[in-house]
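Residues 1407 to 1748 in the numbering used here are what the sequence shown spells out, letter by letter. Note sheet for the following structure.
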Amino acid sequence: MNGRSWRGAAALGGALLLLVIWAAVQRPAAAQEDLFLPIIAAIAPTATATPTPTATHTATPTRTATPTNTPVIATATSTPTRPPSGAGSSLRFYGAGRNAIDRVTIRIDAPERPADVGAGDFTVEFWLKAEPGANDGSAACNQNDGWITGNVIVDRDVYGGGDYGDYGIVLSQGRIAFGLSVGGSGTTLCGATSVADNQWHHVAVTRRSNGAMAIYIDGQPDGATTGASGDASYRNGRTSSWTYDPYLVLGAEKHDAGSEYPSFSGWLDELRISTSVRYTAAFARPSAPFATDGATAALYHFDEGQGTTLGDTSGAAGGPSDGTLRVGGTPSGPAWSPDTPF
């Protein structure tokens, strides 16, 4: 269409629009709306010119379930968690015996803790596994403090004599030895049964306040004697320049006094310390973890499986008497192990 024809058509369209407007003003208001609707519809943009997205057509992807191989955030934490019931673990010691490593330390004073037994009757029992030839220490049987030259499993020593008392449990040429002193007198009871055969064994030692001492291996009597009577506990508030004096120590001689006081190499599990004499004759070897009762001063299941805390689960008043793993050496110990007696 040329310019002139276009201008003519525009003029004609304008005239028609004026005619429609004139006709509209002559009609009632309600009719005016009907008259303009076709024109408004013709010049107004349609709804389809800018389509509205539907709910199913979104640019944002929907969240899907976490894949099963994606780690759950709760497990990606440095806080040790207890394994499920029945998982179990033990501690493997390597006999490093120096620089306060490869051992568990349990504080028993400042403040006082229930694990500090010895004022009256007591029992210390645990499960042990040791390889042949791995522990070559030898205790001096029937001697005061004669136990300290064996491979130390439990050390509740005090540095120097003349105080309330002390005790220790060691391996002596593969056999259990149990020594206890009060003041400057005491003795060391040596057992007869070798437990260094790479098998798990239940070990129990008992002591009455009148001095009676006994050893049991797998429920069988393995020696008895009478030693010093009286209070063999750690004296509350005792002062000492030795850092680990107010501790019960597992797996090593607590003071690192020298190579003549060797540490233990092997596995430990299920330690229970009681304020009573639990065994006076042969008994059935335990077939399950220990349970706590009113005479339990401290109970360690060793089931943490990770971390550096050995938890006391006894519920004893004044507790817990938790232990701390002092890890080091080559191999690094003590190390959590899945090897257990049950």
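Even for Gly, the Cβ is constructed at its ideal location relative to N, Cα and C. Bear in mind that the values here come from a model prediction, so they are computed numbers and not experimental data.
With DSSP as the reference, please indicate the residues paired to residue i in a beta bridge.
i: P1627; result: Y1622
i: D1718; result: Answer by DSSP bridge pairing: none, since D1718 is not bridged.
i: Y1653; result: R1513
Under the three-state reduction of DSSP, which class applies to residue i: helix, strand or coil?
i: T1612; result: strand
i: W1606; result: strand
i: F1689; result: coil
i: V1588; result: strand
i: A1634; result: coil
i: A1502; result: coil
i: G1734; result: strand
i: W1742; result: strand
i: S1495; result: coil
i: G1583; result: The sequence shown places Ala at residue 1583, not Gly. Strand.
Would you mind reading off the limits of the beta strand (DSSP E) that contains residue i?
i: G1592; result: 1591-1600
i: Y1706; result: 1702-1706
i: E1676; result: 1671-1680
i: R1641; result: Premise fails: R1641 is in no beta strand (DSSP E) and is neither H nor E.
i: A1723; result: Where A1723 is concerned, there is no enclosing beta strand (DSSP E), given that its DSSP letter is neither H nor E.
Given a threshold of 16 other Cβ atoms within 10 Å of its Cβ, counted over all protein chains shown, does residue i qualify as buried or as exposed?
i: R1644; result: exposed
i: F1748; result: exposed
i: G1664; result: exposed
i: P1695; result: buried
i: L1731; result: buried
i: A1690; result: exposed
i: E1659; result: buried
i: A1697; result: exposed
i: P1740; result: buried
i: N1550; result: buried
i: E1676; result: buried
i: A1723; result: exposed
i: G1566; result: exposed
Would you check whether the ligand NAD has a heavy atom nearer than 8 Å to the C-beta of residue i?
i: D1709; result: The ligand content of the structure shown is nil, which means the ligand NAD is not present either.
Ordered list of beta strand (DSSP E) runs contained in the stretch 1507-1579, each at least 3 residues: 1509-1513, 1528-1535, 1557-1562, 1571-1578
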